[in-house]
Every structure is written in C-alpha cells, then in structure tokens.
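Residue numbers for the sequence shown follow our numbering, so the first one is 12 and each next one is one higher.
First the structure, in the form of structure tokens, and then the observations on it.
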Amino acid sequence: MLALIIDTSLQGLTLGLVKIDSQNKSHEILEIYGSMHPQEAAARLPELCLGLLVKQSLRLENLDTLLISHGPGSFTGIKIGLSFASGWKRAGTKLKVYGISSFQALLKQIPDADALFLPATQSAGYLTMKSQGSLSIGVLDLGQSSVASLHVAASDSLAPVDPKDLTKVNILGSWPKMEDWLSSQAIEWKTLESESLYRAVVTGMAEDFIANSAQLSEGNLVPIYLRKSAPEEKLDALKAKG
C-alpha cells in the first residue's frame, strides 16, 4: 500500500510518502518534506505532494491511501488539510482517506515524554498525555483554575488534571507563559525543536494507522478542535461584558 501522509495541524507542514505493509505491520518511508513556514501549506500543498511522487517516479494513480491529520492543533491548518483531502475524495479517485491525530501519534515517538503540549495562543493550547496505558487529549488554559483538562469522549466534557499528574512534559515550540507555569509547579519540562520532528510525525502517523486501521472509518474527516478559535473566544468575552 502506498500512502501519502499530510500534517498541517502542528507547527508548519509535514509530508511523507510511505509504503505500508499492514499484514506484517511494517512501513518504509520513501520521501519526507517538512517546512516551518506558516503559509506554505495554503500556498503550495498540491505542488509539494506531487513533488514527492515525482521524486519516486510515481503518479497520483499509484497512491492507495491518504492519511491526513484532523487535529487537535491549528484551526487554520486543520481546515487546510481536511479541505484538501475532501477535494481529493470528491474527485472520484480510488484513494482511501483516513483521519489521524498527528499530535497523539507524535507523543508515541518521544520515549522520554509522558505529555506533549502544543501552544495555540499565548495562554491556551492542547495537551496529549499517557494515562492508564493509553493516550488522552485535552486543553490547556492558563486563565482557568484548572490549567490542564482532559477530554472525556463519552460525555463530551473536560475533566481537570492535577498538576501532580503532569510529568516529563515536552513543549512543541516556544511557549514562555506555559514554561513559567510549569517551572512554578516544579514540573519537569523541555522544549522540542520542531524542525527535527518531521520524521517522527510521519513515522507516528504511519504506525498509528497500522495499529488502528481496523477501527478507523474511511472517509470520516471530522476535525478535532476541542476548544473555540481565538476570534470566537474574543466574541464570547465581549458578549459576557454586555
């Protein structure tokens, strides 16, 4: 199976062209492309995807699967990626499209981390953490009494996380206000350099697909947002002030 992997939900853009052997639960990365430029996904995504195929003397018709990150992460990035995938699906190609959380998949590739933080604004963002043998996702908000909360899918609600349960935190990129809070709570943390994570993102998404393909719903491209966008939050604040 030849798969094109696309992540536009984290910081920048990551692309991967991967051979996947689901029967033997293995994969081979053929090509990787990564960029930290915030506008590259919107401006050049089709061109860059075709470029990966050309490097391997392949055509669009050779692709079997598209793995697209559906969040959580950048609102704009998620919309760009899912719109691209939906357009490809509507074009009537044989391509099977699956949504994968690159954020959760990435944590599995960081052996010395128990939690991964992703900033969205100066004071809010997302977390994924290892909890009782599995991975959970949630939100972070320095303006709330409970800074960290995990999403409970069954009730579509948030459950507060005790800071004592946050250990070995890795932050994707720079987040000064969160770094100060973690230090004030004596929580061990370090910053991950985004540029070195392209291979980890591609590997994580490929492995996540191999492990969970039987449970994944083909064509289900529902985004995972977890929180409101910054404009929506500002509008709510204005309404609250009357």
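Note that the Cβ used here is the ideal one computed from N, Cα and C, for glycine as well.
This one's a predicted model, so the numbers in the text were calculated from it and none came from an experiment.
CB contact flag (residue 182, residue 162, <7 Å): In this structure, residue 182 keeps its C-beta atom at 7 Å or more from the C-beta atom of residue 162.
Beta carbon of residue 63 nearer than 7 Å to that of residue 109: Not a contact, by the Cβ cut-off of 7 Å.
Backbone secondary structure at residue 117 - three-state DSSP: Three-state result, residue 117: helix.
Beta-ladder partner(s) of residue 25, from DSSP: Secondary-structure assignment with DSSP links residue 25 through a beta bridge to 18, 45.
Nearest neighbour of residue 139, chosen from 197, 228, 123, 118 [CA to CA]: Nearest of 197, 228, 123, 118 to residue 139, Cα basis: 118.
Residue 165 burial status per 10 Å Cβ neighbour count (16 or more: buried): Label assigned to residue 165: exposed.
Supposed close pair residue 130, residue 235 - CB separation, criterion 8 Å: Contact flag wrong, Cβ pair sits at about 17 Å.
At least three beta-carbon pairs within less than 8 Å, the region 213–225 to the region 64–74: Contact between the region 213–225 and the region 64–74 is absent, because fewer than three Cβ pairs lie under 8 Å.
Burial state of residue 47, where buried means 16 or more other Cβ atoms lie within 10 Å: The residue in question, residue 47, is exposed, as its Cβ has fewer than 16 Cβ neighbours within 10 Å.
Bounding residues of the alpha helix (DSSP H) (the contiguous stretch that carries residue 209): Unbroken alpha helix (DSSP H) run through residue 209: 209–223.
Counted within 10 angstroms of its Cβ, other Cβ atoms place residue 71 as buried (16 or more) or exposed: Residue 71 is exposed by the Cβ-count criterion.
Burial state of residue 233 (16 or more Cβ within 10 Å): Counting Cβ neighbours within 10 Å, residue 233 comes out exposed, since fewer than 16 surround it.
Run of the beta strand (DSSP E) containing residue 66, from where it starts to where it stops: Element bounds for residue 66: not the beta strand (DSSP E) but the alpha helix (DSSP H), 51–66.
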